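Step one of this worksheet: look at the structure below.
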Amino acid sequence: MKSTTTIFSFFTSLVIFPILATALDTITPAQALTHNQTIISSGEVFELGFFSPGNSRWYVGIWYKNTPNKTIIWVANRDHPLTRPSGILHIAINGNIVLSDQTSNTLLWSSNTTQAFNTVAQLLDSGNFVLRREDDEVSEDYLWQSFDYPTDTLLPGMKLGWDSKTGLNRYLTSWRSSNDPATGDYTFKLDTQGFPEVFLMKKAVRLYRSGPWNGLRFSGVPEMKPLYFINFYFVMNPDEICYSFELTNSSLYSRLVMEHIGLLKRFTWIETSNVWNSFWYAPKDQCDDYKECGVYGICDNNLSPVCKCAKGFEPNNQQAWSLRDGSSGCVRKNKLSCGGDGFLALKNMKLPESSQAFLDRSVGIEECGKMCRQNCSCMAYSSLNITEGGSGCVIWGGDLVDMRQYAVAEGGQDLYVRVAASDSDSDLVWQQPFGRADDQEKKEKNEAAGVRGEERLLERDDSTTAAWWLVIATMTSRQIHGGSLRCYGRSCKGATRDSFVVALQRQICSRRWCDSGVCPVWYRSMGHYHGGSTRHHGSGDVGPDQRRCGDVDAAGATNHGDNGFVRCGSRLPLLA
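Residue numbers (my numbering): 1 to 576.
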């Protein structure tokens, strides 16, 4: 939506309109804004107009009306500045907000929406600059809004993250320098893969991450404790995945800024001293640095040096660690044996990077542990939500990276890490091998059902009312053919050859997910989660499809050799 091109023929007819001020917060088709004029929100909180940050270039921006030094919170044409104070901001014939250079007759910036007619542009007290129809002030009907296109600042009510309906990914990008609002090197962006969390990056390099949201706060930001003046929110549903905050008092000012020096800062306005106070920032210490202690390493800022290995692990490069370089991480002292492994309970943890984590809201931590214990590729598990005693399940299927341990008073949450049975001690849970009793019970059920040899009856007796359930069983085929696997209610029967783990799933739809009676169906193989149906295509590939609510779908896929649980696609039916 940002471009420089020759302006259309309608420009000449537009600039002859008188510049009026019938509404201080609004631009109409009969009005225009030039470099020496501004519009002000109705409550006189924010102001919009032209500004020059000292680099002899001109921009359209929004700033606080009543704070000194023009605290800029949004810039329209950050990468297409005016070289002289000859700009004009107006409503074009096609209904869009347009910034033009009157001298060169060039278009510098536009809201670039479709189906815009009878429109006005309005600056709100929230700091949001919106394009709407003249007779429609409903926020859901805005044709365009600056909140969807942030620069370096997140204001109360703004959302950071994905909107699946519009396809927008809203994130912060730093200025190039303190007096150049052009797109800089640093971004603060929500990664929606797996268990969503926010990353601070310099170009493509990750520098810091917030940790995933645990129901109260991001697990790597213990400072996000309940405060009297601010509330934090995280929304994760099929329509959006986003973070936002609100102030409890509209007279207070607070903003989150991605600075050009690579720091993410929260500022609060101190009215008595007339200054912006740096309330919080990140990264702030060595343990905030991404992957400071490498794979399976744990960073603890209360130690010196800060890197340590958990029980059952040792430094991968002892010489480097002795020189206080823990970036090589830790390795296991003893190999895993799957059935006899235990789980080490780590307290007060910032959870590992979670882009490849698997989520299940329908089970608690005990069931989560069982699921992890029964899959040899599961390396760790934890609660999805720590409020009200904890709920939900997060499972990591690969190496654990960027872990941090806090002091008891600082926060964090419990993380259970898989270790070899030979490393078992009082800190371990789930030490008993799971294969014997379970195998015997399964054998008795199979015999009772008359299933022998290569035919196995796969069944899970589960009385919960979860939105979906999984049956995980060892089959004897890498390839499941259409007629060889049949489901009857909760039981499935299949003929197989090679050893392979297949997951079966039933998705029971609620009105929340399936008003139309059709729901997405997802299946899991040992290595991947995919969107799919029961259709098989020779090699075991499964195509995308939808099924009626309540249908039982089963599918298999070739094991790609990946470790463990990987989240399914970009949609999140697993979160019902």
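For glycine and all other residues, C-beta sits at the position ideal for the given N, C-alpha and C. Remember, it's a predicted structure, so these values are computed and weren't measured experimentally.
- Bounds of any beta strand (DSSP E) do not take in glutamine 37, whose DSSP letter is neither H nor E.
- According to the DSSP assignment, lysine 189 belongs to the beta strand (DSSP E) that extends over 180-191.
- Boundaries of the beta strand (DSSP E) harbouring glutamate 240: 240-247, taken from the DSSP string.
- In the DSSP secondary-structure assignment, lysine 202 is bridged to Tyr186 and Val205.
- Taking the C-beta atoms as reference points, glutamine 405 is found no nearer than 8 angstroms to leucine 351.
- Distance check between asparagine 69 and each of Ser146, Phe51 and Ser362 places Phe51 closest, using alpha-carbon atoms only.
- According to the DSSP assignment, glutamate 314 belongs to the beta strand (DSSP E) that extends over 313-315.
- When the beta-carbon positions are compared, phenylalanine 234 and tyrosine 243 come within less than 8 angstroms of each other.
- Under DSSP, leucine 89 shares a beta bridge with Leu33 and Leu99.
- DSSP places threonine 387 within a helical segment (H, G or I) once states are collapsed to three.
- For serine 362, no beta strand (DSSP E) run applies, since DSSP gives it neither H nor E.
- The Cβ neighbour count for isoleucine 261, taken over all protein chains shown within 10 Å, is under 16; the residue is labelled exposed.
- Proline 181 sits close to arginine 78, with the two beta carbons spaced by under 8 angstroms.
- Residue pairing by DSSP places phenylalanine 267 opposite Arg255 and Ser278 in a beta bridge.
- With a cutoff of 8 angstroms on beta-carbon distance, aspartate 239 and serine 164 are scored as near each other.
- Judged by DSSP in its simplified three-state form, lysine 333 adopts coil rather than helix or strand.
- One thing to note: asparagine 128 has its Cβ no nearer than 8 angstroms to the Cβ of serine 100.
- Of all C-beta pairs linking the stretch 84-102 to the stretch 278-291, fewer than three are shorter than 8 angstroms, placing the two stretches out of contact.
- Closest by C-alpha distance to glutamine 122, out of Leu107, Met158 and Ser139, is Ser139.
- In the three-state scheme derived from DSSP, where H, G and I count as helix and E and B as strand, phenylalanine 343 is classed as strand.
- For alanine 380, the uninterrupted beta strand (DSSP E) run begins and ends at 380-382, by DSSP.
- Contact between phenylalanine 267 and valine 257 holds: CB atoms are separated by about 6 angstroms, below the 8 angstroms threshold.
- DSSP places aspartate 141 in the helix class (H, G or I) of the three-state scheme.
- Only residues of its own chain outside the window of five on either side were considered, and among them Pro156, Phe229, Ile230 and Ser254 have a CB closer than 7 angstroms to the CB of leucine 247, listed in chain order.
- DSSP places phenylalanine 234 in the strand class (E or B) of the three-state scheme.
- Per DSSP, serine 56 lies in no beta strand (DSSP E) and is assigned neither H nor E.
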